[in-house]
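Before any comments, here is the structure.
Residue numbers (UniProt numbering): 1 to 328.
Right, here's the structure in full:
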């Protein structure tokens, strides 16, 4: 059962709205219009249609909002994605029904960029592996632990960082990389005819990078953007880090490249299917070397949460006032 709240705050709305929060972690402060809120801690695919039926407004973090759910909600007017990404919404179905879709842009920029570098250091310095070595307590006393880091890891000033996806997060990654003393290359869009000023042709950038950080969104042009051919181009000591979206990097090709030691290592915070399991992602198979994983948590920080809740409230109130913002 969901939790119901009835809030009689009449703003410019002419009707009482029913807000269905499919995952209640991101329920905003009460908006200033007449409404009730139905909150669910989480929503499964088999629960979506029934839960969306009464909604005039739906909020969702990662739950896929399908055509079936949209069509079941006869009075649906607005879907609020409580993060930047909106690839989990059937926007074609929403447009056909005249449903507005908006997101919460730019609140997680610093958090995701910082997490990318956390993954970089964990990967480059073998932090996870060395934690287990130190905790076991038997190998270190024998000496020569440094042999696990052979060849020796590069320091920042020796790295060539390639940024794939030059939105707000990509720009933050560039800024942080330069501050650390890295050479930074901005990859042009794949298959672009010409590289714009300040950018490097996609394939050339991939070849030159010792660190490649992906911060691109998922759409038709980026799905599978880095797959077997691109992994084969990379320096065999290079590291690949994905904090963009699962599906931008071909997981099966990446797992195989790591097994074959075609690249030096990889880290990802995002997966093609989330939550990821061994049944859904080849990256969760046992025994893949030089791989660091985190469960799509790069976005999470105090700054992100505060900004997100504020923006969700602003999105709701602007829409009801007839001036929608952050429409995608």
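The beta-carbon is built from N, C-alpha and C at its ideal position, and this holds for glycine as well. Note that this is a predicted model, so its numbers are computed, not measured.
Going by Cα to Cα distance, which pick from 178, 318, 296 and 321 is closest to residue 85? Your numbering for residue 85 matches position 85 in the chain shown. Closest by alpha carbon: 296.
For residue 35, report the span of its beta strand (DSSP E) as first-last. Indexing the chain shown from 1 puts residue 35 at position 35. Run containing residue 35: 34 to 39, per the beta strand (DSSP E) assignment.
Determine the extent of the alpha helix (DSSP H) in which residue 308 is found, giving its start and end residues. Taking the chain shown and counting its residues from 1, the one referred to as residue 308 is at position 308. 302 to 320 is the extent of the alpha helix (DSSP H) around residue 308.
Going by the DSSP bridge assignment, what does residue 89 pair with across the sheet? The count along the chain shown starts at 1 and reaches residue 89 at position 89. Partner(s): 65.
Using only alpha-carbon positions, find the residue among 72, 62 and 166 that is nearest to residue 97. Within the chain shown, numbered from 1, the residue matching residue 97 stands at position 97. Nearest C-alpha to residue 97: 72.
Beta-carbon proximity of residue 82 to residue 61, cut-off 8 Å: Indexing the chain shown from 1 puts residue 82 at position 82. Indexing the chain shown from 1 puts residue 61 at position 61. Yes, the Cβ-Cβ distance between residue 82 and residue 61 is below 8 Å.
Inter-residue Cα distance where the pair is residue 155 and residue 239: Your numbering for residue 155 matches position 155 in the chain shown. Your numbering for residue 239 matches position 239 in the chain shown. Distance between the alpha carbons of residue 155 and residue 239: 13 Å.
Beta-carbon contacts of residue 110 that lie in its chain and below 7 Å, excluding the five residues immediately before and after: Residue numbering aside, residue 110 sits at position 110 when the chain shown is read from its first letter. Here the set comprises 172 and 303.
Along the chain, which unbroken stretches of the beta strand (DSSP E) at least 3 residues long are found entirely within the stretch 160 to 220? 160 to 164, 183 to 186 and 211 to 214
Which term fits residue 26, buried or exposed, when burial requires 16 or more other beta carbons within 10 angstroms of its beta carbon? Here residue 26 refers to the residue found at position 26 when the chain shown is read from its first residue. It counts as buried.
Reduced DSSP secondary structure (H/G/I, E/B, other) of residue 263: Taking the first residue of the chain shown as 1, we reach residue 263 at position 263. Coil.
Own chain, CB closer than 8 Å to residue 76, minus 5 neighbours either side, in chain order: Translated into the one-based positions of the chain shown, residue 76 becomes position 76. Once the five neighbours on either side are set aside, the close Cβ partners of residue 76 are 52, 55, 56, 57, 58, 70, 97 and 99.
Alpha carbon to alpha carbon, how far is residue 340 from residue 158? Summary: the structure shown does not reach residue 340, with the chain confined to residues 1 through 328, and so no result is reported for it.
CB-CB length for residue 116 against residue 241, believed under 8 Å: Residue mapping note: residue 116 aligns to position 116 of the chain shown, counting from 1. Residue mapping note: residue 241 aligns to position 241 of the chain shown, counting from 1. That belief holds up - the Cβ atoms of residue 116 and residue 241 are roughly 6 Å apart, short of 8 Å.
Which term fits residue 124, buried or exposed, when burial requires 16 or more other beta carbons within 10 angstroms of its beta carbon? By one-based count along the chain shown, residue 124 stands at place 124. Answer is buried; the Cβ neighbour count reaches 16.
Please tell me whether, using a cut-off of 7 Å, the distance from the CB of residue 119 to the nearest non-hydrogen atom of the ligand SAM is below it. Absent from the structure shown: the ligand SAM. Ligands present: none.
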